[in-house]
Amino acid sequence: MSLTLSMAAFALAASISPGPVNIVALGSGARHGLRASIGHAAGATLGFCLLLVLVGLGVHELLSRWPLLARLLHWGGVLFLLYMAWKLASDDGGLGADDSQRAPGAWQGAAMQWLSPKAWLAAVAGIGAYTAGEQQLLWLFTWIYAPICFVSVASWAWAGSVIRQYLGEPRRMRLFNRGLALLLVASAVYLMV
Numbered sequence: 346m347s348l349t350l351s352m353a354a355f356a357l358a359a360s361i362s363p364g365p366v367n368i369v370a371l372g373s374g375a376r377h378g379l380r381a382s383i384g385h386a387a388g389a390t391l392g393f394c395l396l397l398v399l400v401g402l403g404v405h406e407l408l409s410r411w412p413l414l415a416r417l418l419h420w421g422g423v424l425f426l427l428y429m430a431w432k433l434a435s436d437d438g439g440l441g442a443d444d445s446q447r448a449p450g451a452w453q454g455a456a457m458q459w460l461s462p463k464a465w466l467a468a469v470a471g472i473g474a475y476t477a478g479e480q481q482l483l484w485l486f487t488w489i490y491a492p493i494c495f496v497s498v499a500s501w502a503w504a505g506s507v508i509r510q511y512l513g514e515p516r517r518m519r520l521f522n523r524g525l526a527l528l529l530v531a532s533a534v535y536l537m538v
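Residue numbers (my numbering): 346 to 538.
Structure follows, in structure tokens:
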């Protein structure tokens with residue numbers, strides 16, 4: 346039982362802490378509401394769980410053998426963060442049902458996990474700490490991680506939907522989005538250094 350609780354505590358700490366996926370969830374909740382942001386949370390959860398399983402099956406060893414692939418993944422992550430920052434910064438701040446500005450979906454959530462160094466670090470650290478190469482423990486860890494990851498990302502979207510009432514004016518929403526965009530740019534710059 347203590348291993349299960351330890352896995353759950355690790356999953357919660359890694360999933361609820363600020364990072365690119367959660368920043369986008371917060372912005373999506375504020376801009377589009379909780380319901381529209383659930384797809385992003387579900388995609389981020391599935392993307393991370395797939396990453397966790399593949400890391401557990403040895404993908405991190407493949408990346409260490411092929412540094413060019415690891416570098417491409419790294420720079421792809423930087424570019425994706427900058428793209429998401431640009432999308433936030435260029436948002437008009439309106440809260441209407443404008444189809445041209447859709448909430449980030451499941452594919453974006455999953456892609457962000459695969460391109461996020463925070464997600465890779467959590468996957469590698471978690472696998473190293475809890476599975477010891479045993480597939481049964483890998484599956485247990487993944488089953489524990491999935492609901493915790495979903496609830497964590499969804500809570501960021503919920504927090505965004507709660508503060509949405511204070512961002513009703515387009516000017517306030519633009520300022521909020523630009524603040525989030527700066528956080529994403531800071532994450533990207535940190536990865537470039």
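Backbone N, C-alpha and C fix where the C-beta goes; we use that ideal spot for every residue, glycine too.
Quantities reported herein were computed from a predicted structural model and do not represent experimental measurements.
C-alpha distance - residue i paired with residue j, whole-angstrom precision
i	j	result
glycine 524	tryptophan 484	38 Å
methionine 352	leucine 395	17 Å
phenylalanine 486	alanine 370	24 Å
phenylalanine 355	glycine 471	7 Å
asparagine 367	arginine 447	17 Å
leucine 460	serine 347	32 Å
alanine 416	arginine 509	Reading off the sequence, residue 416 comes out as arginine, not alanine. Roughly 38 Å separates the two Cα atoms.
leucine 399	glycine 422	18 Å
leucine 418	phenylalanine 425	10 Å
leucine 397	proline 449	22 Å
leucine 512	valine 498	21 Å
alanine 451	alanine 387	6 Å
leucine 414	glutamate 514	44 Å
leucine 489	valine 404	Residue identity differs from the one stated: residue 489 is isoleucine in this sequence, not leucine. Computed Cα separation, rounded: 21 Å.
glycine 401	tyrosine 535	27 Å
aspartate 444	alanine 533	Because the pLDDT at aspartate 444 is just 45, under 50, the model does not fix this residue reliably, and the value given afterwards should be weighed accordingly. So the alpha carbons of these two residues sit roughly 28 Å apart.
glutamate 479	threonine 349	15 Å
tyrosine 475	valine 507	36 Å
leucine 391	leucine 427	23 Å
alanine 491	proline 462	19 Å
asparagine 522	serine 435	8 Å
methionine 537	isoleucine 361	24 Å
glycine 454	tryptophan 420	18 Å
valine 496	leucine 482	22 Å
tryptophan 411	leucine 433	34 Å
Inter-residue CB distance, residue i and residue j (contact presumed, cutoff 8 Å)
i	j	result
methionine 457	alanine 389	6 Å
alanine 359	alanine 477	No, alanine 359 and alanine 477 are not in contact; Cβ-Cβ is about 19 Å, not under 8 Å.
proline 365	leucine 529	6 Å
isoleucine 493	leucine 407	About 27 Å separates the two Cβ atoms, so there is no contact after all.
alanine 526	alanine 430	4 Å
Query raised in the report: Are at least three pairs of beta-carbons, each pair with one atom in the segment 368-388 and one in the segment 513-527, less than 8 Å apart?
Result: The segment 368-388 is in contact with the segment 513-527.
Query - contact_flag[the segment 493-503, the segment 380-387] where n(CB pairs < 8 Å) is 3 or more - result: yes
Query - Minimum length 3: unbroken beta strand (DSSP E) runs contained in the segment 385-413 - result: The segment 385-413 contains no whole beta strand (DSSP E) run of 3 or more residues.
Requested in this report: Identify every run of the alpha helix (DSSP H) within the segment 443-505, keeping only runs that are complete inside it and at least 4 residues long; order them along the chain.
Outcome: 451-460, 462-475
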